[in-house]
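Below is one structure, written out as structure tokens, with a few remarks after it.
Residue numbers (the working numbering): 412 to 619.
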């Protein structure tokens, strides 16, 4: 049973919170709150608010809503579009709160850096997720969409746990995932543009 986090774990946790917020923000909020409230792990002070009963109730409710919204083709893309304006700032705030260096020794700089990197990781994860799901929605079968959604349900708690238990392993995997996303997203959008460009317009379909 863990009691406190060392500096490496805090850095890895901050990165994990930013990255995971771009995929399953409400699940992140709920899991961190539950862990902190259970006393299994002494979360950084900036994250204690997530364990308040009202916050847990709100984040738990949104976990349920997002779980089902994310399983429905095209509804998931609408959900992702709306959450472009929520996940990125939330990822920045969570990463900054995890680092929690606002003190009298110039720690504000470290907090600002954590916020920038956390927001960037959230934006990258969100863009990769939304692009992949948009591609899956072009398929007439529902199984690829459902499979991706279930994988996201599993990879977020797995990533958070790995960041705490094996921080260096998580950081190495995070670099690999960021590189993969940077390579994959442009290819997905080029494919989607070509797909849209080859879709016959209604006028073309009804012309003799």
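Each residue gets a CB set at the ideal place from its N, CA and C atoms; glycine is no exception. Keep in mind the model is a prediction, meaning the values are calculated, not measured.
The continuous stretches of alpha helix (DSSP H) do not include residue 454, and DSSP gives it neither H nor E.
By the neighbour-count criterion, in which 16 or more other beta carbons inside 10 Å mark a residue as buried, residue 519 falls on the exposed side.
When only Cα atoms are considered, residue 488 and residue 556 end up about 11 Å apart. Between residue 544 and the set 558, 423 and 452, the nearest pair of CA atoms involves 558. Ranked by Cα distance from residue 573, the options 563, 564 and 584 are led by 584.
The Cβ atoms of residue 528 and residue 426 lie closer than 8 Å to each other. For residue 447, the secondary structure class from DSSP, reduced to helix, strand or coil, is helix. About 18 Å separates the beta carbon of residue 455 from that of residue 533, a gap too long to meet the 8 Å contact definition. DSSP, reduced to helix, strand and coil, places residue 433 within a helical segment of the structure shown.
Between residue 439 and residue 449, the CB-CB gap reaches or exceeds 8 Å. The alpha-carbon separation between residue 537 and residue 475 amounts to approximately 19 Å. Separation of residue 464 and residue 472 (C-alpha to C-alpha, rounded to the nearest whole angstrom) is 12 Å. The stretch 601-609 and the stretch 545-555 touch, with three or more beta-carbon pairs separated by less than 8 Å.
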